[in-house]
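Q: In the working numbering, the protein residues as written are 504 to 803.
Dropping the structure in here first, questions after.
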C-alpha cells in the first residue's frame, strides 16, 4: 500500500479531516494561485504544500526562474497561511517542515553472497550496478566512459532498466568491452530481483547530470542494502553521500575522476552509516511525520 493510501486511511479512521491531494509540477505552478481563491470560499481549510523541487530555496545562483518560483510560493503561503513541507534536509527556514524521503521494499533482506551466486558472480568479482532508465540525466554516457577506463577483468557491470535510444552508441561500446561480464535486465523486474541485484553489487553509480539536483530513490535503497554509491557531487544526492558517508562523490562530468573513485572504493571497507540513513527514510517514517504535521496543523 502506498504512503498516500495509508495516510488517507488514517484520516478516515480517525475522522481528523479531509485530505485533498493534487500534484502541481513546474509547468503548472500558476495553479497554486487558485488556493487563495478557494480559501475565501472554504475558510476552515488547512492547506499543506508539499514541495519536491526546491531550487529556489537552495540554489546560490538564484536564476530568475528560481526567484520567480520562490516569490510565488511566498505569496501563496502568505495569502493562505499554508504550511510548507519538503524532503530536503538542507533547508533551514522557519516555515518549512521536513518530511522523510520515503522508500519501501525488501531492500537489505538478502545476503550479498547468496544473491551473487544466483546471478553468477563470485565473492571476488567487483560488480558495478546501474539502476533505472539509463539516459543523459542519469549520466549514463559518463558512467560508460569511466567503466571503459577500468582495465580489470574482475569487474562486472549490471544494468537494471532500459537504455534510452540516444545512449545506444554508449551501450554498444560497453557491450563490446565487457561481453559476458555485462548483465542487462532491459525489462521490468520485481522488487525482490532489484533488491538482490543491489545487495550483490559492490557499488552503485549515480553520476547525475548537473541539471539534476533533487533526490534519488536509488540512494536510500542502496543504503538499505548496505551497498556503497559513487555520485555526482552536486545537488541533494551528492550532499547526502558526503553527509552520511555513503560512498564517494566526483565532479560531473569527469569520467577519469569517476574511474579513479571506482578503483579507490574497491580498497575501502564497508561503512556504518547506511542503515541509519535508510531507517530515517522509510515509508512508515513518512506516514508518521506527515501525520504529526497534519495533527499540529489541524489543532493549531
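The beta carbon of each residue, even a glycine, is placed where N, CA and C say it ideally should be.
Quick check on DSSP: helix, strand or coil for residue 768?
A: Three-state DSSP puts residue 768 in a helix.
Q: So residue 737 and residue 713 are in contact, right, with Cβ under 8 Å, and what is the actual spacing, rounded?
A: 6 Å between Cβ atoms; contact.
Q: Alpha carbon to alpha carbon, how far is residue 760 from residue 791?
A: Each residue's alpha carbon lies about 41 Å from the other.
Q: Take the Cβ of residue 656 as the centre, count every other Cβ of all protein chains shown within 10 Å, and call the residue buried at 16 or more, exposed below.
A: Exposed, since its Cβ has fewer than 16 Cβ neighbours within 10 Å.
Q: Under 7 Å between the Cβ atoms of residue 643 and residue 663?
A: No. Outside cutoff.
Q: Assuming residue 751 is part of the beta strand (DSSP E), what are its boundary residues?
A: Here the beta strand (DSSP E) through residue 751 covers 750 to 753.
Q: What is the DSSP secondary structure of residue 504, counted as helix, strand or coil?
A: Residue confidence is low: residue 504 scores 48 on pLDDT, short of 50, so the model does not pin down where it sits. No coordinate-derived value is stated.
Q: Along the alpha helix (DSSP H) that carries residue 540, what are the first and last residues, could you check?
A: Element bounds for residue 540: 537 to 544.
Q: Is it true that the stretch 583 to 595 meets the stretch 539 to 552, where meeting means three or more beta-carbon pairs spaced less than 8 Å apart?
A: With a cut-off of 8 Å, the stretch 539 to 552 and the stretch 583 to 595 count as touching, because enough Cβ pairs lie within range.
Q: Helix, strand or coil for residue 780, going by three-state DSSP, please let me know.
A: DSSP places residue 780 in helix when its eight states are reduced to three.
Q: Going by C-alpha to C-alpha distance, which of 634, 638, 623 and 537 sits closest to residue 693?
A: If we check each option's Cα against that of residue 693, 634 comes out closest.
Q: Enumerate, from N- to C-terminal direction, the unbroken beta strand (DSSP E) stretches of 3 or more residues contained entirely within the stretch 698 to 737.
A: For the stretch 698 to 737, whole beta strand (DSSP E) runs of length 3 or above, ordered along the chain, are 706 to 709 and 731 to 735.
Q: Go to residue 658, then tell me how far its beta strand (DSSP E) extends in each direction, as first and last residue.
A: It spans 658 to 663 - the beta strand (DSSP E) in which residue 658 sits, taken as one unbroken run.
Q: Across which residues does DSSP place residue 637 in a beta bridge pair?
A: Partner(s): 666.
Q: The beta strand (DSSP E) with residue 684 in it runs from where to where?
A: Note, residue 684: premise wrong, no beta strand (DSSP E); not H, not E.
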